[in-house]
Amino acid sequence: MEPIIEYFANISSAHRSAILVGGIAFFWMMESAVPLFRFEYQKWQHAWVSLFFTFTTIVVNFSMAFILLLAADWTVANEFGLLQWAPAINPFLFALIGLMLLDLISAWFAHWVQHKINWMWGFHLIHHTDTYIDTTSANRHHPGESVIRFVFTTMAVLILGAPMWLVFFYQSLSVVLSQFNHANISLPAKIDTWISYFIVSPNMHKVHHH
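Residues in the sequence shown are numbered from 318 upward in steps of one, following the numbering used here.
Below you can see the structure in the form of structure tokens.
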């Protein structure tokens with residue numbers, strides 16, 4: 318666990334960008350090999366729209382990243398937050414619990430709220446108006462939604478007292494898993510079912526969009 322903590326505590330912007338681009342490239346190739354749906358569309362033309370919104374998402378998050386850094390450093394320095402107050406535990410369990418709680422607040426709860434509050438839904442609708450869901454759709458977010466998600470992520474960091482290495486670890490996993498569950502790929506039924514017990518699979522996620 319220590320090498321992972323060390324890596325994400327010092328991860329560079331270049332490495333974070335490589336994770337984003339590498340994930341899209343990998344799942345793009347898988348979509349060509351084993352598509353879940355046989356879409357009749359211009360894949361590159363469709364991708365440019367989604368990639369534009371991916372770019373705006375990156376701009377929003379990078380421009381406000383210092384707030385997240387300050388929040389994480391403050392919680393650790395002041396031992397504030399649920400993870401800071403909890404008894405010392407194995408680093409693996411600390412990471413596992415932290416990742417699940419970060420996802421609950423910054424992803425699941427933020428997503429749920431956007432489906433319930435009209436003005437937030439107006440932003441989130443950009444994501445749901447994509448009629449051809451593929452891996453490029455993962456970060457198809459209106460800049461307003463990117464701000465909302467950032468606010469919820471910052472709230473999660475403050476509530477949990479999450480150190481920055483854990484936040485970077487979570488964000489890296491989150492972007493790849495989102496690319497995966499939006500990807501238009503067909504997995505063997507048993508594998509898809511098994512995966513869906515732990516993470517959202519493409520076949521499971523299609524219900525949300527279709």
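Yeah, the Cβ is synthetic: ideal placement off N, Cα and C, and Gly gets one too.
* Taking Y487 as part of the alpha helix (DSSP H), name the residues at either end of that continuous run. => Numbered from 1 along the sequence shown, position 170 holds the residue referred to as residue 487. Unbroken alpha helix (DSSP H) run through Y487: 481-499.
* To do: Mind checking who I516 pairs with in its DSSP beta bridge?
  => Translated into the one-based positions of the sequence shown, residue 516 becomes position 199. According to DSSP, which records beta bridges pairwise, I516 is partnered with nothing at all.
* Residues of its chain near L385, where Cβ-Cβ distance is below 8 Å and the 5 sequence neighbours each way are ignored -> Your numbering for residue 385 matches position 68 in the sequence shown. Counting only Cβ-Cβ distances below 8 Å, and skipping sequence neighbours, we find F467, T470, T471, V474, M481, V484.
* Residue range of the unbroken alpha helix (DSSP H) whose run includes H332 -> Mapped onto the sequence shown, residue 332 falls at position 15. Where H332 is concerned, the enclosing alpha helix (DSSP H) stretches over 330-350.
* For T510, count neighbouring Cβ atoms within 10 angstroms of its own Cβ and tell me buried if that reaches 16, exposed if not. => In the sequence shown, counting from the first residue as 1, residue 510 sits at position 193. By the neighbour-count rule (16 or more Cβ atoms within 10 Å), T510 is not buried but exposed.
* Rounded separation between I512 and S518 - CA only -> Your numbering for residue 512 matches position 195 in the sequence shown. Your numbering for residue 518 matches position 201 in the sequence shown. Going by the C-alpha atoms only, they are around 6 Å apart.
* Which same chain residues, not among the five before or five after I476, have their C-beta less than 7 Å away from its C-beta? -> Counting from 1 along the sequence shown, the entry for residue 476 is found at position 159. Answer for I476: G398, L399, I422, listed in chain order.
* Asked: In terms of alpha-carbon separation, which member of G478, L442, S491 lies closest to A389?
  -> Against the sequence shown, residue 389 aligns to sequence position 72. Selected option, being the one with the closest Cα: G478.
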